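In the working numbering, the protein residues as written are 72 to 542. By construction, the Cβ of each residue, glycine as well, lies at the ideal position given by its N, Cα and C atoms. Fair warning: this is a prediction, and the values are worked out from it, not measured in the lab. Below is one structure; the comments refer to it alone.
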(Lines of atoms letter the chains of each structure in order from A and count residues from 1; the text may use other names and numbers.)
(Lines give C-alpha, C1' and ligand atoms only; values in the text may rest on other atoms or scores of the structure.)
Protein backbone atom coordinates (compact mmCIF):
# COMPACT_ATOMS: atom_id res chain seq x y z
CA UNK A 1 0.00 0.00 0.00
CA UNK A 2 1.36 3.42 -0.97
CA UNK A 3 1.57 6.16 1.61
CA UNK A 4 -1.08 8.88 1.30
CA UNK A 5 0.14 11.68 -0.98
CA UNK A 6 3.83 10.85 -0.71
CA UNK A 7 6.46 12.33 -3.03
CA UNK A 8 5.34 10.01 -5.83
CA UNK A 9 1.64 10.88 -5.54
CA UNK A 10 -0.08 10.09 -8.88
CA UNK A 11 3.26 8.95 -10.37
CA UNK A 12 2.70 5.24 -10.95
CA UNK A 13 5.78 4.40 -13.03
CA UNK A 14 9.53 4.98 -12.77
CA UNK A 15 9.43 7.03 -15.96
CA UNK A 16 6.68 9.27 -14.58
CA UNK A 17 8.64 9.79 -11.37
CA UNK A 18 11.78 10.77 -13.27
CA UNK A 19 9.94 13.12 -15.61
CA UNK A 20 8.23 14.87 -12.73
CA UNK A 21 10.99 15.09 -10.13
CA UNK A 22 13.85 15.82 -12.54
CA UNK A 23 12.00 18.17 -14.89
CA UNK A 24 8.42 19.30 -14.25
CA UNK A 25 8.76 19.91 -10.52
CA UNK A 26 11.54 22.43 -11.09
CA UNK A 27 9.72 24.58 -13.62
CA UNK A 28 8.29 27.98 -12.63
CA UNK A 29 4.63 28.93 -13.06
CA UNK A 30 3.08 31.32 -15.57
CA UNK A 31 -0.40 32.16 -14.25
CA UNK A 32 -1.87 33.46 -17.50
CA UNK A 33 -5.51 33.37 -16.36
CA UNK A 34 -6.75 33.89 -12.82
CA UNK A 35 -9.26 35.88 -10.78
CA UNK A 36 -6.92 37.12 -8.05
CA UNK A 37 -7.70 40.67 -6.94
CA UNK A 38 -4.74 42.92 -7.93
CA UNK A 39 -5.59 45.14 -4.97
CA UNK A 40 -4.62 42.33 -2.59
CA UNK A 41 -1.26 42.00 -4.36
CA UNK A 42 -0.66 45.75 -4.36
CA UNK A 43 -1.44 45.98 -0.64
CA UNK A 44 0.37 42.69 0.10
CA UNK A 45 -2.62 41.42 2.01
CA UNK A 46 -2.19 39.30 5.10
CA UNK A 47 -4.82 36.83 6.23
CA UNK A 48 -6.05 36.54 9.80
CA UNK A 49 -6.91 32.86 9.53
CA UNK A 50 -7.12 29.90 7.16
CA UNK A 51 -10.84 30.43 6.52
CA UNK A 52 -10.18 33.83 4.97
CA UNK A 53 -7.62 32.52 2.51
CA UNK A 54 -9.30 29.15 1.88
CA UNK A 55 -13.06 29.59 1.97
CA UNK A 56 -13.61 33.23 1.09
CA UNK A 57 -14.95 33.30 -2.46
CA UNK A 58 -14.24 29.60 -3.19
CA UNK A 59 -17.46 28.30 -4.69
CA UNK A 60 -15.81 24.93 -5.38
CA UNK A 61 -15.74 24.33 -1.62
CA UNK A 62 -19.14 25.96 -1.07
CA UNK A 63 -20.83 23.49 -3.45
CA UNK A 64 -19.39 20.51 -1.59
CA UNK A 65 -20.40 21.92 1.80
CA UNK A 66 -23.98 22.23 0.49
CA UNK A 67 -23.74 18.64 -0.76
CA UNK A 68 -22.94 17.70 2.82
CA UNK A 69 -26.08 19.40 4.09
CA UNK A 70 -24.26 22.36 5.64
CA UNK A 71 -26.46 25.38 6.33
CA UNK A 72 -25.71 28.50 4.28
CA UNK A 73 -24.94 30.34 7.52
CA UNK A 74 -21.66 28.40 7.65
CA UNK A 75 -20.89 28.85 3.94
CA UNK A 76 -21.57 32.41 2.78
CA UNK A 77 -23.31 33.56 5.95
CA UNK A 78 -22.10 35.29 9.09
CA UNK A 79 -20.90 32.28 11.06
CA UNK A 80 -17.55 32.72 12.86
CA UNK A 81 -14.57 31.72 10.73
CA UNK A 82 -13.64 28.89 13.10
CA UNK A 83 -17.08 27.35 12.69
CA UNK A 84 -16.94 27.68 8.91
CA UNK A 85 -13.59 25.89 8.91
CA UNK A 86 -15.03 23.11 11.04
CA UNK A 87 -17.84 22.56 8.55
CA UNK A 88 -15.34 22.37 5.70
CA UNK A 89 -13.22 19.86 7.63
CA UNK A 90 -16.33 17.73 8.25
CA UNK A 91 -17.13 17.88 4.54
CA UNK A 92 -13.65 16.64 3.62
CA UNK A 93 -14.34 13.50 5.66
CA UNK A 94 -16.89 12.61 2.96
CA UNK A 95 -14.89 13.82 -0.08
CA UNK A 96 -13.15 10.59 -1.05
CA UNK A 97 -12.26 10.71 -4.75
CA UNK A 98 -12.95 14.45 -5.05
CA UNK A 99 -10.11 16.66 -6.35
CA UNK A 100 -10.75 19.12 -3.50
CA UNK A 101 -9.50 16.44 -1.12
CA UNK A 102 -6.24 16.31 -3.07
CA UNK A 103 -5.92 20.07 -3.54
CA UNK A 104 -6.62 20.82 0.10
CA UNK A 105 -3.95 18.43 1.30
CA UNK A 106 -1.42 19.56 -1.29
CA UNK A 107 -1.91 23.12 -0.05
CA UNK A 108 -1.60 22.03 3.59
CA UNK A 109 1.63 20.23 2.78
CA UNK A 110 3.24 22.87 0.59
CA UNK A 111 2.36 26.04 2.53
CA UNK A 112 1.87 24.82 6.10
CA UNK A 113 4.03 21.68 6.32
CA UNK A 114 1.09 19.59 7.51
CA UNK A 115 1.41 15.93 6.48
CA UNK A 116 -1.66 14.62 8.28
CA UNK A 117 -5.28 14.36 7.15
CA UNK A 118 -7.76 17.17 7.71
CA UNK A 119 -11.14 16.08 9.02
CA UNK A 120 -13.58 16.77 11.80
CA UNK A 121 -11.26 15.27 14.44
CA UNK A 122 -8.15 17.20 13.32
CA UNK A 123 -9.78 20.55 12.52
CA UNK A 124 -8.65 22.22 15.75
CA UNK A 125 -5.06 21.07 15.25
CA UNK A 126 -4.97 22.28 11.63
CA UNK A 127 -6.73 25.55 12.48
CA UNK A 128 -4.11 26.42 15.08
CA UNK A 129 -1.17 25.30 12.92
CA UNK A 130 -2.30 27.25 9.85
CA UNK A 131 -3.18 30.40 11.74
CA UNK A 132 0.18 30.45 13.50
CA UNK A 133 1.90 29.95 10.16
CA UNK A 134 -0.13 32.75 8.53
CA UNK A 135 1.25 35.20 11.07
CA UNK A 136 4.80 34.61 9.77
CA UNK A 137 6.29 37.19 7.33
CA UNK A 138 6.58 34.83 4.35
CA UNK A 139 2.81 34.18 4.26
CA UNK A 140 1.64 37.51 2.86
CA UNK A 141 -0.01 37.62 -0.56
CA UNK A 142 3.18 38.60 -2.38
CA UNK A 143 5.32 36.08 -0.53
CA UNK A 144 2.86 33.28 -1.26
CA UNK A 145 3.22 34.14 -4.95
CA UNK A 146 7.02 34.18 -4.71
CA UNK A 147 7.15 30.92 -2.77
CA UNK A 148 5.01 29.26 -5.43
CA UNK A 149 7.57 29.96 -8.17
CA UNK A 150 5.29 32.29 -10.12
CA UNK A 151 6.96 34.59 -12.64
CA UNK A 152 3.92 36.40 -14.07
CA UNK A 153 0.21 36.77 -13.33
CA UNK A 154 -2.57 37.90 -15.67
CA UNK A 155 -5.62 39.05 -13.73
CA UNK A 156 -9.14 39.44 -15.14
CA UNK A 157 -10.23 43.06 -15.64
CA UNK A 158 -13.20 44.97 -16.98
CA UNK A 159 -12.59 47.49 -19.82
CA UNK A 160 -13.84 50.32 -17.60
CA UNK A 161 -11.34 49.53 -14.85
CA UNK A 162 -8.75 52.24 -14.18
CA UNK A 163 -6.09 49.57 -13.41
CA UNK A 164 -4.86 51.64 -10.47
CA UNK A 165 -3.62 48.59 -8.59
CA UNK A 166 -1.66 47.37 -11.60
CA UNK A 167 -0.02 50.79 -11.77
CA UNK A 168 0.93 50.60 -8.11
CA UNK A 169 2.41 47.12 -8.51
CA UNK A 170 4.38 48.11 -11.62
CA UNK A 171 5.80 51.13 -9.83
CA UNK A 172 6.96 49.04 -6.86
CA UNK A 173 10.48 47.82 -7.53
CA UNK A 174 10.45 45.50 -4.49
CA UNK A 175 8.13 42.97 -6.16
CA UNK A 176 9.72 41.11 -9.07
CA UNK A 177 6.65 39.18 -10.28
CA UNK A 178 4.89 40.84 -13.21
CA UNK A 179 1.15 41.42 -12.69
CA UNK A 180 -0.59 42.31 -15.94
CA UNK A 181 -4.24 43.00 -16.76
CA UNK A 182 -6.29 40.78 -19.05
CA UNK A 183 -9.27 42.16 -20.95
CA UNK A 184 -12.69 40.72 -19.91
CA UNK A 185 -15.41 42.65 -21.82
CA UNK A 186 -18.42 40.46 -20.99
CA UNK A 187 -20.46 43.34 -19.54
CA UNK A 188 -19.99 45.37 -22.73
CA UNK A 189 -21.52 42.54 -24.78
CA UNK A 190 -24.38 41.45 -22.52
CA UNK A 191 -27.03 43.84 -23.77
CA UNK A 192 -29.79 41.62 -22.33
CA UNK A 193 -28.75 42.50 -18.76
CA UNK A 194 -31.04 44.97 -16.94
CA UNK A 195 -28.13 47.23 -15.97
CA UNK A 196 -26.63 47.41 -19.47
CA UNK A 197 -27.36 51.15 -19.99
CA UNK A 198 -25.71 51.95 -16.66
CA UNK A 199 -22.66 49.93 -17.63
CA UNK A 200 -22.40 51.75 -20.98
CA UNK A 201 -22.36 55.05 -19.10
CA UNK A 202 -19.51 53.82 -16.91
CA UNK A 203 -17.58 52.52 -19.92
CA UNK A 204 -18.14 55.78 -21.80
CA UNK A 205 -16.88 57.80 -18.85
CA UNK A 206 -13.69 55.74 -18.73
CA UNK A 207 -13.17 56.34 -22.47
CA UNK A 208 -14.07 60.05 -22.24
CA UNK A 209 -17.08 59.86 -24.57
CA UNK A 210 -20.82 59.19 -24.81
CA UNK A 211 -21.97 55.84 -26.16
CA UNK A 212 -25.10 56.33 -28.26
CA UNK A 213 -24.53 53.76 -31.01
CA UNK A 214 -22.74 50.50 -31.72
CA UNK A 215 -20.11 52.52 -33.60
CA UNK A 216 -19.60 54.57 -30.42
CA UNK A 217 -19.29 51.39 -28.38
CA UNK A 218 -16.58 50.06 -30.68
CA UNK A 219 -14.73 53.38 -30.51
CA UNK A 220 -14.87 53.38 -26.70
CA UNK A 221 -13.61 49.81 -26.56
CA UNK A 222 -10.73 50.60 -28.91
CA UNK A 223 -9.73 53.50 -26.66
CA UNK A 224 -9.76 51.25 -23.61
CA UNK A 225 -7.87 48.52 -25.47
CA UNK A 226 -5.13 51.04 -26.21
CA UNK A 227 -4.92 51.84 -22.50
CA UNK A 228 -4.82 48.16 -21.50
CA UNK A 229 -2.16 47.53 -24.14
CA UNK A 230 -0.03 50.33 -22.67
CA UNK A 231 -0.32 48.54 -19.32
CA UNK A 232 1.11 45.31 -20.75
CA UNK A 233 -2.11 43.46 -21.55
CA UNK A 234 -1.47 40.46 -23.81
CA UNK A 235 -4.74 38.55 -23.56
CA UNK A 236 -8.49 38.87 -23.66
CA UNK A 237 -10.97 36.52 -22.07
CA UNK A 238 -14.67 35.97 -22.79
CA UNK A 239 -17.23 34.03 -20.80
CA UNK A 240 -19.75 32.79 -23.36
CA UNK A 241 -22.72 30.45 -23.35
CA UNK A 242 -21.20 29.06 -26.54
CA UNK A 243 -19.27 30.46 -29.51
CA UNK A 244 -22.11 31.85 -31.59
CA UNK A 245 -22.20 32.81 -35.24
CA UNK A 246 -25.44 34.48 -36.28
CA UNK A 247 -24.28 37.19 -38.67
CA UNK A 248 -26.05 40.48 -39.31
CA UNK A 249 -25.21 43.55 -41.36
CA UNK A 250 -23.93 46.77 -39.82
CA UNK A 251 -27.27 48.54 -40.18
CA UNK A 252 -29.20 45.71 -38.51
CA UNK A 253 -26.70 45.56 -35.65
CA UNK A 254 -27.08 49.32 -35.10
CA UNK A 255 -30.85 48.95 -35.08
CA UNK A 256 -30.68 46.21 -32.44
CA UNK A 257 -28.40 48.36 -30.29
CA UNK A 258 -30.66 51.42 -30.69
CA UNK A 259 -33.75 49.46 -29.67
CA UNK A 260 -31.96 48.23 -26.54
CA UNK A 261 -30.95 51.79 -25.58
CA UNK A 262 -34.58 52.81 -26.09
CA UNK A 263 -35.58 50.27 -23.46
CA UNK A 264 -37.10 47.64 -25.75
CA UNK A 265 -36.81 43.91 -25.11
CA UNK A 266 -34.39 42.22 -27.48
CA UNK A 267 -35.22 38.78 -28.87
CA UNK A 268 -32.89 35.84 -28.42
CA UNK A 269 -32.02 35.87 -32.13
CA UNK A 270 -31.19 39.57 -32.07
CA UNK A 271 -29.05 39.08 -28.98
CA UNK A 272 -27.03 36.47 -30.87
CA UNK A 273 -26.70 38.75 -33.89
CA UNK A 274 -25.39 41.58 -31.73
CA UNK A 275 -22.97 39.31 -29.86
CA UNK A 276 -21.69 37.86 -33.12
CA UNK A 277 -20.96 41.35 -34.42
CA UNK A 278 -19.33 42.25 -31.11
CA UNK A 279 -17.06 39.19 -31.16
CA UNK A 280 -16.06 39.68 -34.80
CA UNK A 281 -15.06 43.25 -33.99
CA UNK A 282 -13.20 42.16 -30.85
CA UNK A 283 -11.37 39.30 -32.53
CA UNK A 284 -10.12 41.56 -35.31
CA UNK A 285 -8.86 44.09 -32.77
CA UNK A 286 -7.03 41.38 -30.84
CA UNK A 287 -5.32 40.27 -34.02
CA UNK A 288 -4.28 43.87 -34.70
CA UNK A 289 -2.88 44.28 -31.18
CA UNK A 290 -1.23 40.86 -31.06
CA UNK A 291 -3.37 39.74 -28.12
CA UNK A 292 -4.45 36.17 -27.40
CA UNK A 293 -8.23 35.58 -27.51
CA UNK A 294 -9.47 33.20 -24.81
CA UNK A 295 -13.01 31.84 -25.17
CA UNK A 296 -14.49 30.12 -22.12
CA UNK A 297 -17.87 28.57 -22.89
CA UNK A 298 -20.21 25.70 -22.11
CA UNK A 299 -21.36 26.91 -18.68
CA UNK A 300 -25.01 27.27 -17.69
CA UNK A 301 -25.04 29.86 -14.92
CA UNK A 302 -27.21 30.75 -11.91
CA UNK A 303 -29.49 27.73 -12.11
CA UNK A 304 -30.92 28.07 -8.60
CA UNK A 305 -33.05 31.19 -8.90
CA UNK A 306 -33.90 31.42 -5.22
CA UNK A 307 -30.24 31.30 -4.19
CA UNK A 308 -29.20 33.67 -6.97
CA UNK A 309 -31.68 36.24 -5.70
CA UNK A 310 -30.45 35.69 -2.15
CA UNK A 311 -26.65 35.75 -2.54
CA UNK A 312 -25.94 36.65 -6.19
CA UNK A 313 -23.75 35.20 -8.98
CA UNK A 314 -20.51 33.21 -8.71
CA UNK A 315 -21.62 31.47 -5.54
CA UNK A 316 -21.70 27.85 -6.72
CA UNK A 317 -24.95 27.41 -8.66
CA UNK A 318 -23.54 26.93 -12.17
CA UNK A 319 -23.35 23.69 -14.15
CA UNK A 320 -22.03 22.24 -17.39
CA UNK A 321 -24.12 23.36 -20.35
CA UNK A 322 -25.11 21.47 -23.46
CA UNK A 323 -22.47 20.49 -25.98
CA UNK A 324 -21.71 23.52 -28.13
CA UNK A 325 -22.55 23.70 -31.87
CA UNK A 326 -19.16 23.10 -33.48
CA UNK A 327 -20.47 24.38 -36.81
CA UNK A 328 -21.00 27.86 -35.37
CA UNK A 329 -17.54 27.78 -33.78
CA UNK A 330 -16.03 26.89 -37.16
CA UNK A 331 -18.05 29.60 -38.92
CA UNK A 332 -16.96 32.23 -36.39
CA UNK A 333 -13.28 31.37 -36.74
CA UNK A 334 -13.66 31.22 -40.52
CA UNK A 335 -15.24 34.69 -40.63
CA UNK A 336 -12.17 36.11 -38.86
CA UNK A 337 -9.80 34.02 -40.98
CA UNK A 338 -11.34 35.31 -44.24
CA UNK A 339 -10.64 38.86 -43.06
CA UNK A 340 -7.06 38.00 -42.15
CA UNK A 341 -8.03 38.86 -38.57
CA UNK A 342 -7.90 35.58 -36.65
CA UNK A 343 -5.83 36.09 -33.49
CA UNK A 344 -4.09 33.39 -31.48
CA UNK A 345 -7.03 31.71 -29.80
CA UNK A 346 -7.54 29.36 -26.85
CA UNK A 347 -10.81 27.42 -26.75
CA UNK A 348 -12.10 26.15 -23.41
CA UNK A 349 -15.37 24.22 -23.34
CA UNK A 350 -16.73 23.29 -19.95
CA UNK A 351 -18.53 20.34 -21.53
CA UNK A 352 -16.00 17.48 -21.94
CA UNK A 353 -18.15 16.07 -24.75
CA UNK A 354 -16.80 18.98 -26.83
CA UNK A 355 -13.17 17.83 -26.55
CA UNK A 356 -13.01 16.02 -29.87
CA UNK A 357 -15.05 18.65 -31.69
CA UNK A 358 -12.73 21.39 -30.45
CA UNK A 359 -9.72 19.36 -31.56
CA UNK A 360 -11.03 18.91 -35.09
CA UNK A 361 -12.18 22.53 -35.49
CA UNK A 362 -8.77 23.81 -34.40
CA UNK A 363 -7.06 21.74 -37.03
CA UNK A 364 -8.94 23.63 -39.74
CA UNK A 365 -7.37 26.97 -38.80
CA UNK A 366 -3.77 26.27 -37.79
CA UNK A 367 -1.27 28.30 -39.82
CA UNK A 368 2.22 27.96 -41.20
CA UNK A 369 4.75 29.88 -39.14
CA UNK A 370 2.53 29.93 -36.04
CA UNK A 371 2.87 26.56 -34.28
CA UNK A 372 -0.18 25.95 -32.12
CA UNK A 373 -1.93 29.17 -33.09
CA UNK A 374 -5.21 27.65 -31.97
CA UNK A 375 -5.15 25.91 -28.61
CA UNK A 376 -7.51 23.67 -26.71
CA UNK A 377 -7.50 25.12 -23.21
CA UNK A 378 -6.74 22.99 -20.19
CA UNK A 379 -9.49 21.03 -18.45
CA UNK A 380 -11.59 23.76 -16.90
CA UNK A 381 -13.65 24.18 -13.70
CA UNK A 382 -15.69 20.99 -13.33
CA UNK A 383 -13.06 19.09 -15.35
CA UNK A 384 -9.79 20.03 -13.60
CA UNK A 385 -9.52 16.67 -11.84
CA UNK A 386 -7.53 13.54 -12.64
CA UNK A 387 -10.00 12.05 -15.11
CA UNK A 388 -10.88 15.38 -16.73
CA UNK A 389 -7.27 16.39 -17.23
CA UNK A 390 -6.32 12.96 -18.57
CA UNK A 391 -9.26 13.02 -20.96
CA UNK A 392 -8.38 16.51 -22.26
CA UNK A 393 -4.68 15.67 -22.66
CA UNK A 394 -5.48 12.42 -24.45
CA UNK A 395 -7.98 14.04 -26.80
CA UNK A 396 -5.52 16.81 -27.63
CA UNK A 397 -2.76 14.26 -28.27
CA UNK A 398 -5.07 12.23 -30.52
CA UNK A 399 -6.29 15.13 -32.65
CA UNK A 400 -3.62 17.81 -32.36
CA UNK A 401 -0.07 18.27 -31.10
CA UNK A 402 0.23 17.83 -27.35
CA UNK A 403 3.82 19.09 -27.49
CA UNK A 404 2.54 22.57 -28.44
CA UNK A 405 0.04 22.76 -25.57
CA UNK A 406 0.19 25.92 -23.41
CA UNK A 407 -0.59 23.94 -20.28
CA UNK A 408 -2.30 24.67 -17.00
CA UNK A 409 -3.91 27.85 -15.72
CA UNK A 410 -4.95 28.61 -12.15
CA UNK A 411 -8.40 30.18 -12.79
CA UNK A 412 -8.70 30.90 -9.07
CA UNK A 413 -9.24 33.68 -6.55
CA UNK A 414 -6.96 32.11 -3.94
CA UNK A 415 -3.26 32.69 -3.32
CA UNK A 416 -3.00 29.06 -2.19
CA UNK A 417 -4.17 27.57 -5.50
CA UNK A 418 -0.79 27.18 -7.17
CA UNK A 419 -0.43 23.48 -6.26
CA UNK A 420 -3.03 22.94 -8.99
CA UNK A 421 -0.08 23.31 -11.37
CA UNK A 422 1.72 20.57 -9.46
CA UNK A 423 -1.40 18.40 -9.68
CA UNK A 424 -1.57 18.97 -13.45
CA UNK A 425 2.13 18.27 -13.95
CA UNK A 426 1.95 15.03 -12.01
CA UNK A 427 -0.97 13.89 -14.17
CA UNK A 428 0.88 14.97 -17.33
CA UNK A 429 4.02 13.06 -16.35
CA UNK A 430 1.97 10.03 -15.33
CA UNK A 431 0.26 9.91 -18.73
CA UNK A 432 3.45 10.39 -20.74
CA UNK A 433 5.34 7.97 -18.50
CA UNK A 434 2.69 5.34 -19.14
CA UNK A 435 3.01 5.83 -22.90
CA UNK A 436 6.79 5.42 -22.67
CA UNK A 437 6.65 2.31 -20.50
CA UNK A 438 4.01 0.78 -22.79
CA UNK A 439 6.34 1.24 -25.78
CA UNK A 440 4.01 3.82 -27.31
CA UNK A 441 6.72 6.51 -27.26
CA UNK A 442 10.51 6.08 -27.14
CA UNK A 443 12.59 6.71 -24.04
CA UNK A 444 14.45 9.75 -25.40
CA UNK A 445 15.44 11.83 -22.38
CA UNK A 446 16.31 14.98 -24.32
CA UNK A 447 13.11 14.98 -26.35
CA UNK A 448 10.92 14.20 -23.36
CA UNK A 449 12.60 16.91 -21.30
CA UNK A 450 11.79 19.48 -23.98
CA UNK A 451 8.15 18.37 -24.14
CA UNK A 452 7.67 18.47 -20.36
CA UNK A 453 9.35 21.86 -19.97
CA UNK A 454 7.37 23.31 -22.85
CA UNK A 455 3.96 22.14 -21.66
CA UNK A 456 4.71 23.10 -18.06
CA UNK A 457 5.88 26.62 -18.87
CA UNK A 458 7.78 27.54 -22.03
CA UNK A 459 4.95 27.12 -24.53
CA UNK A 460 2.81 29.62 -22.63
CA UNK A 461 5.73 32.06 -22.41
CA UNK A 462 6.21 31.96 -26.17
CA UNK A 463 2.50 31.94 -26.99
CA UNK A 464 1.71 35.08 -25.01
CA UNK A 465 4.96 36.79 -26.01
CA UNK A 466 6.63 37.06 -22.61
CA UNK A 467 10.43 37.05 -22.21
CA UNK A 468 10.59 34.45 -19.45
CA UNK A 469 11.63 31.20 -21.15
CA UNK A 470 13.53 28.55 -19.19
CA UNK A 471 16.10 26.57 -21.18
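- For residue 237, the enclosing alpha helix (DSSP H) stretches over residues 235-242.
- By the neighbour-count criterion, in which 16 or more other beta carbons inside 10 Å mark a residue as buried, residue 514 falls on the exposed side.
- Non-local beta-carbon contacts of residue 463 in its own chain, meaning distances under 8 Å to residues more than five positions away in sequence, involve 423, 426, 447, 449, 450, 454 in chain order.
- In chain order, 180 place their CB closer than 7 Å to the CB of residue 186, counting only its own chain and leaving out the 5 sequence neighbours on each side.
- Residue ranges of uninterrupted alpha helix (DSSP H) with 4 or more members, entirely inside the segment 457-528 and ordered along the chain, are 457-470, 490-508, 516-524.
- Distances from the CA of residue 331 to each of 526, 285, 409 were compared; the closest alpha carbon is that of 285.
- The three-state secondary structure of residue 329, taken from DSSP, is helix.
- Under the 8 Å Cβ criterion, the segment 335-351 counts as touching the segment 308-322, having at least three qualifying pairs.
- Here residue 507 really is in contact with residue 86; their C-beta atoms are around 5 Å apart, less than 8 Å.
- With a threshold of 16 other beta carbon atoms within 10 Å, residue 78 falls short and is exposed.
- The beta carbon of residue 158 lies closer than 7 Å to those of 136, 141, 145 in the same chain, with the five residues before and after it left out.
- At the C-beta level, residue 259 and residue 225 stay beyond 7 Å of one another.
- Uninterrupted beta strand (DSSP E) stretches at least 3 residues long and entirely within the segment 295-375 occur at 306-311, 363-368, given in chain order.
- When rounded, the separation of the alpha-carbon atoms in residue 209 and residue 380 is 40 Å.
- Look at residue 175 here: in three-state DSSP terms it is helix.
- Around the beta-carbon of residue 472, fewer than 16 other beta-carbon atoms lie within 10 Å, marking it exposed.
- Residue pairing from DSSP places residue 390 in a beta bridge opposite 371.
- Close CB contacts of residue 312 within its chain, under the 7 Å cut and outside five residues either way in sequence, are with 368, 392 (chain order).
- Minimum Cα-Cα distance from residue 106 among the listed residues 520, 491, 487, 483 corresponds to 483.
- Between residue 527 and residue 95, the gap from beta carbon to beta carbon is short of 7 Å.
- For residue 251, the enclosing beta strand (DSSP E) covers residues 249-251.
- Unbroken alpha helix (DSSP H) stretches of 4 residues or longer found wholly inside the segment 98-174: 109-113, 121-125, 130-138, 152-163, given in chain order.
- The alpha-carbon of residue 518 is positioned some 11 Å away from that of residue 512.
- Going by DSSP, residue 200 is part of the alpha helix (DSSP H) stretching over 194-205.
- Rounded to the nearest angstrom, the gap between the Cα atoms of residue 445 and residue 227 is 21 Å.
- Non-local beta-carbon contacts of residue 281 in its own chain, meaning distances under 8 Å to residues more than five positions away in sequence, involve 275, 287 in chain order.
- Distances from the alpha-carbon of residue 184 to those of 200, 303, 174 put 200 closest.
- Under DSSP, the beta-bridge partners assigned to residue 418 are 366, 447.
- Sixteen is the threshold: since fewer than 16 other Cβ atoms of the shown chains lie within 10 Å of the Cβ of residue 75, the residue is exposed.
- Cβ atoms of residue 155 and residue 126 come within 8 Å of each other, at about 6 Å.
- The continuous stretches of alpha helix (DSSP H) do not include residue 222, which lies in the beta strand (DSSP E) extending over residues 221-225.
- Excluding the 5 residues flanking it on each side, residue 490 has same chain C-beta neighbours closer than 7 Å at 174, 177, 178, 181, in chain order.
- Sequence-distant Cβ neighbours of residue 248 in its own chain, meaning closer than 8 Å and more than five residues away, are 213, 216, 217, 221, 222, 223, 224.
- Ranked by Cα distance from residue 496, the options 509, 469, 487, 525 are led by 525.
- Our two residues, residue 429 and residue 467, have alpha carbons roughly 9 Å apart in a direct line.
- For residue 429, the uninterrupted alpha helix (DSSP H) run begins and ends at 426-434, by DSSP.
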